[in-house]
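A short worksheet on the structure shown next.
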Amino acid sequence: MDFPVATGVKRAVDNVSLSIEHGERLGIIGRNGAGKTTLLQIMAGLLRPTSGQLDVSGRVNCVMTLGVGLREEMTGRENIYVDGELNAKTRDEIDALQDDIIAFADIGEFIDRPVRTYSTGMKARLAFGLITFIEPEILLIDEALSAGDAEFGRKASKKIRDLCDRGKIMILVSHSMQAIRDMCTRCIWMENGQIVMDGSSEEVTEAYREAVRKTDEEEMRVRFQRRVGPRSYHPNCKIEKLEFLDTTGASRLVWRTDEEMLIRFVISTQTPILQPDLKLSFEKLDGNMILENTASGDGYHLSTISGPQNIFEIDFGKLQFGEDTYEVQIELSGMLSEEIKGSLASYCEVIKIEKPFDCLDSPAYFCPVDIRAEKLSAASGDM
Amino acid sequence: MQLFGFNTADGRLIINLFKMSIRDHYLGSVLGLVWAVLNPLFLLGMYTFVFGFVVKAKVPGAETTFAFAIWLISGFVPYMAVAEALSATANSVVAGSGMVKNVVFKSETLPYAAALTAVVPFIVGMGFLFILLCIDGNFPTWHIIFIVPLIIIQFVFLCGIGLFLAATTVFIRDITQVISTLIMLLMFFTPIFYPIDMLPRLIQKITFFNPLYQMTQPYRDVILYHRLPDFAGFVYLAVVALLLNIFGLKYFRKLKGYFEMKM
Amino acid sequence: MSEQIDIELSSVRKEFLIGSFSDVVRDMFGISVNLKRYRALDNVSFKVPRGELLGVLGRNGAGKSTLLRVAGGIYSPDSGKVSLRTNPTALLEMGLYGNQHLTGRKFCEVFFAFRDVPKKEVPKLVEDVREFTELDEYFDEPIHTYSAGMNARLMFGVITAVSAEIVLLDEILSVGDQHFQGKSYKRLMNMISHGSSGILATHDWFTATRLCSKIVILDRGSVEFMGSSLEAVRKYLNLAPTLTRRVFFQNREQLIREPVTIIPGTPFDLVFEVESTIDTPFSIRIALEIPRIAMVVLISNEHIVSCGQGRYRISLHIPKFPIKQRECFLSLFIHEPRRPGEAATREGYDQISWTSGDSISLIHEDTSFVSTGIIHRRLAWRQLKAMEPCT
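Structural data, given as C-alpha cells:
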C-alpha cells in the first residue's frame, strides 16, 4: 500500500502475506508508523491495496475510533436505538440490551439529554456501551482505550474481552504487550511496513521488548541529556562516568524490576578529600524521592579519597523498584580544607525500570513477603 | 480606555482572533490561498459576463463593455464584503463555541473579528478594480481618501447587524440560510447591476434608506466619478451603524447568559 | 493568622434553562412561568487559600465542570458570589483554539500570542513546552495527527508554561500515560509550592489525596462533604456497602486498634484470622500505602486459599520491612481470585484499608533513621582502593 507524500512515496505496507484462520486471535505490534493501523484498515476494507490481493470471508467489525458514531443532537437513549438499528437489531433486541448499556455508561439522567451536553468522559462511556451491539465474526481492534478514569478503563477492558470471546477471529493492534499476551495466541511484529516476526505472543512480545529496550536507551540518552551528567561544585573534584551494570557487565539504562544491578562510578580529585561521604538517590518522575542512602548511613566509613581513578561500586542486588523513569544521583561530600567542605560534586543519570510481564499491578516498589494460610476448622465454628 | 464595554485588551483579542481565522481559512492550505483570490474574481467575472455581454446593459457614461465592467465591479466588490461579513458574523459564536465554553473572554468580540474577515474578498476585488482602472487610464484622485471613513462605517454597520445575527444563530441555527437568501434579494433591489434610474420612481426614493445602496454607491462616487459621496447618505449610514452597535451589544450581552443551553 | 484567600465562592447557585428560543426570550423579559430549569449547582461555598489545591470529586453530572466554569468566570452564578484574587488560568477541555493544521510548535506560538506574552520570551517558552511534552519530532507535525494523550500533554504543557497563580483544571491529569501523569504531578506540585492555588476536578481520587489538602465532594450540584483528603476519599468511595463479606476478617477490631510500631529493615509479622462461608477459592492480597504521597508499595501478589469453607489463620511475614516513612498504612484485601489479565480492584469480599475507613496504621518513631527517602535498603558500598566497612 503506497501513500503519496510530499517528498515521495511512502510504502506503508510492503509485501505482506498473511493468512488467518478461524479461531485465531492475532496481535499486531510495532512502533508508531510501522504500518499496523494501515494493515488493519486494509483488512477492514477501508483502504484498497495498491497491489496484491485481499480475501476476506466473514463479516468484519471494527472498533477503531471511539465516539465518532455518536450523534450530537440526539439524546443518549436515541443514539442507542439508532446504533442498534445500524447493527441490524430488532426493536425487541435493542430494548433488551438498552438497560445494560445505560448501566454500563453510568451517566445518570444525562441519558435523556442531547449528547452535545456530555463531557468527553461520558461520550466515551456511552460509545463503549454501544459496543454491546456488535456481534463480531471478524473483529478488528485498534486500541486506543484511554478515556475516563481507572474504573472505566477496567470496565472497558472487560467489555473488549467479552467481545473477543464472542468473535471467531480477532485482530488486535496494540502498544500494550500485556494486552497482546492476554488476549492473543499469535502475534506479528511490523516494522517499516513489513512483517519481521510471526509467532506465538510470548515469543514475539519478548523479542520486541528486547529490541525496543535498546532504542529506548538511545532515546533516553538524547531526551534527558540536559539533566544528566556531572556537576562540580569545586573544580578539583569530579565524579566521572556513572554506570549501571548488569550481571554480564554490560552498561544499561533500561532495566527490569527483578534484575540485579551494580552501580559503578569514578571519582578523581587533585586535592585529597577528607571525611568523604557519598549519597545515592533515586527520584521518581512524579517527584517522590523513593530512595536516599548514604554510605555512612549504611555503615561504611570511607577513607580519604585522593588522586584520579578512584572506583566505587554500590551493589544494589535486585532492583525491586516499580515501573517508572528514575533520576539517579550520586553526590560526593567531604572536606578539602577548613574553609571548603560540604557538597563537592554530583552526577545525575536517568534510568528506566520496567516491570516483569506477568505482573499486573504497578506499585512503586516490590517487597518480598511470605503469606501462609492454615486451616483451623471446617465450618464457621465458634472457636 | 473603555469603549462600549471593551478595553484595549479586547481590541488586541479581536485582532488576534482575526489573524487566527485568516490563518485557518486561507493560509492553512495552498488551495486556500488560491481560492481566496479566485473566488471573488470568478464571481466578478461571471456577473460581468452576464450583465455586460449577455444582457448588454448600458450605463450612461460607460459606453464600452470594459467601462461597464469597471462600473459594475466598483459596486459589486463592497457587496461581496457585505455578504461575506454577514455570513461570517452570523456563524461566529457557533464556530467559536469551543472558546466560548472554555475560555474567559468577552464573546461579543467574536462577531467583530468575524466581520474583519470580509477584508479579504474586499482587498482582492479592489485590487483587481484598481488594475482595471489603471488600464482604462482612470487614475485615482485625492477623493480616494474618503474610502477610509466609508470602510470604517461599513465595518461598524456590519458588526452591528452581526451582533444580532451571531447571538440569535446560537438558538435558531437556520437563520444563516434565511440570511443568505435575504441578502441576495436585497442585492437585486439595489442598483448594483443597473443604474438607479431604471428603478420605479417610488422605489428610487426609498433606495436612499437601503443600507446596501449606501454601502456601494459611495465607492462609485469616489473611485469612478471622482466626486464626494452623498453626505446625507453617509450620516444616515453612520447613525444607523451606531444604533445597531449599541442595541446589538445590549442584545448580545443579554442573550449570552443563555448560550450554554445550546452549545 | 491572616491567610490569603485566593478563591472564594459563597452560596453559589447556577441553573440552566431547558427550552427553546422563545423560552429564552420569555425569560429575558421576566415571564418565567412554566420554564424548566436544571439546577447544576446549589448553595456551594468554599474558600481556597494561597498555596493550596482544592480537589473536587463527584460522579459524572455532579456539576464539577460547571463549578469550574463558574469559578473561572465563564458562567455567571444566578445567585451567590464568586471572587478570585487574580485572573485564573483554566484548562477545561481539549482541542480548543480551532485549527488542526497547526503544528504543535505553531500552536504554542499562537497561544502565547493570544496571551500577550512578550515576543522575546516566546522561543524559550516554546522550547520549554517541547521538552516537557516530550513530543520530539511530533512537535512539528500538525495537531490532527496527535493521539488524545499527546493532545493532553501539549495542552497541559502550554497552559502551565506561563506561570499561573490560580489554576482551574478539569480532569486533565488522567489523560495521558503514567509517565506523563508523573511529570504533570511534579509540575503542579512545583507550582503549588511556589504559591499557586486552584481547583482540580477529577475522578482520580488517589492522585487527589496527594495533590490536594482538602477535597469537596459534589453530588447533584450540592456539596455533600468537604474536609481532609483521606476522609473525603473514604466517603466518596463508599466501599463498605460493596463488600459482600462472604469471606471476612475475624476480630477486625483487634487488628485495627492502635498503630503498630515497626522498625524499618527488621522482620514484621502479623497474624489474623479469616472466615470463609464459600467453597470456592479466595485470594488475599496485601499492600503498604502512603496516600499522602500517592505511593503504593506492593508486597504481595495474590495468595490463593482454596480449601473450602471454614476458618483460617493467616500469617504474614515480611523479612525486611521496607518503608522508613513515619507513617504508612497496611491494607489487607480479600477477594475473588483474579482472572488472567484483570487489573486489581478495591472491591471484593472484605478489606481493611484506609479507603474503607479502617486501616492498620504502622508507625515508627526511631529517629536514627535518615528521614529522607521512602524505602529502606541496606546497600553494599565498595571502594576499590582501601575502604573500611564498619558494621
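Chains as they are written, first to last, in the numbering used here: chain A, 1 to 383; chain B, 384 to 646; chain C, 647 to 1037.
Glycine residues also receive a C-beta, built at the ideal position from the N, C-alpha and C atoms.
Cross-strand partners of residue i (DSSP beta bridge)
i, result
"residue 844 (chain C)", "C:699, C:813"
"residue 326 (chain A)", "A:284, A:351"
"residue 294 (chain A)", "A:279"
"residue 749 (chain C)", "C:788"
"residue 254 (chain A)", "A:352"
"residue 233 (chain A)", "Answer is none; residue 233 (chain A) lacks a bridge partner."
"residue 273 (chain A)", "A:305"
"residue 974 (chain C)", "C:1008"
"residue 173 (chain A)", "A:28, A:142"
Beta carbon proximity, residue i to chain A, threshold 8 Å
i, result
"residue 1030 (chain C)", "yes"
"residue 1027 (chain C)", "yes"
"residue 957 (chain C)", "yes"
"residue 696 (chain C)", "no"
"residue 790 (chain C)", "no"
Below-8 Å beta-carbon distance, residue i vs any chain C residue
i, result
"residue 208 (chain A)", "no"
"residue 298 (chain A)", "yes"
"residue 395 (chain B)", "yes"
"residue 641 (chain B)", "yes"
"residue 331 (chain A)", "no"
"residue 149 (chain A)", "With a pLDDT of 46 at residue 149 (chain A), under the threshold of 50, the predicted position of this residue should be treated as unreliable, and no value is reported."
"residue 555 (chain B)", "yes"
"residue 588 (chain B)", "no"
"residue 314 (chain A)", "yes"
"residue 646 (chain B)", "no"
With 16 other Cβ atoms within 10 Å as the buried cut-off, status of residue i
i, result
"residue 668 (chain C)", "exposed"
"residue 429 (chain B)", "exposed"
"residue 461 (chain B)", "buried"
"residue 961 (chain C)", "exposed"
"residue 682 (chain C)", "exposed"
"residue 195 (chain A)", "buried"
"residue 423 (chain B)", "buried"
"residue 525 (chain B)", "exposed"
"residue 501 (chain B)", "buried"
"residue 801 (chain C)", "buried"
Collapsed DSSP secondary structure at residue i in the structure displayed
i, result
"residue 839 (chain C)", "helix"
"residue 602 (chain B)", "helix"
"residue 166 (chain A)", "helix"
"residue 15 (chain A)", "coil"
"residue 334 (chain A)", "strand"
"residue 336 (chain B)", "In this structure chain B extends from 384 to 646, so residue 336 (chain B) is not present and cannot be described."
"residue 53 (chain A)", "coil"
"residue 99 (chain A)", "helix"
"residue 147 (chain A)", "Only weak support is given to the placement of residue 147 (chain A): the predicted model assigns it a pLDDT of 42, under 50, and the value that follows is read from those uncertain coordinates. In this structure, residue 147 (chain A) counts as coil in the three-state DSSP scheme."
"residue 949 (chain C)", "strand"
"residue 389 (chain B)", "strand"
"residue 649 (chain C)", "coil"
is_contact[residue i, chain B] using C-beta, thresh 8 Å
i, result
"residue 762 (chain C)", "yes"
"residue 700 (chain C)", "no"
"residue 901 (chain C)", "no"
"residue 662 (chain C)", "yes"
"residue 692 (chain C)", "no"
"residue 720 (chain C)", "yes"
"residue 655 (chain C)", "no"
"residue 667 (chain C)", "yes"
"residue 679 (chain C)", "no"
Taking only beta carbons into account, state which residues of the segment 936 to 955 of chain C come closer than 7 Å to chain A, listed in chain order.
939, 941, 942, 943, 944, 945, 946, 949, 951, 953, 955
Under 7 Å (Cβ pairs) to chain C, residues found in the segment 400 to 423 of chain B
403, 406, 407, 411
Compile a chain-ordered list of the residues in the segment 361 to 380 of chain A whose CB is closer than 9 Å to at least one CB of chain C.
361, 362, 363, 364, 365, 366, 367, 368, 369, 370, 371, 372, 373, 374, 375, 376, 377, 378, 379, 380
Contact residues within the segment 229 to 252 of chain A, judged by C-beta distance below 7 Å to chain C
none
Residues of the segment 15 to 26 of chain A with Cβ closer than 8 Å to any Cβ of chain C, in chain order:
none
Using a Cβ-Cβ cutoff of 8 Å, what residues of the segment 769 to 781 of chain C are near chain A? List them in chain order.
777, 780
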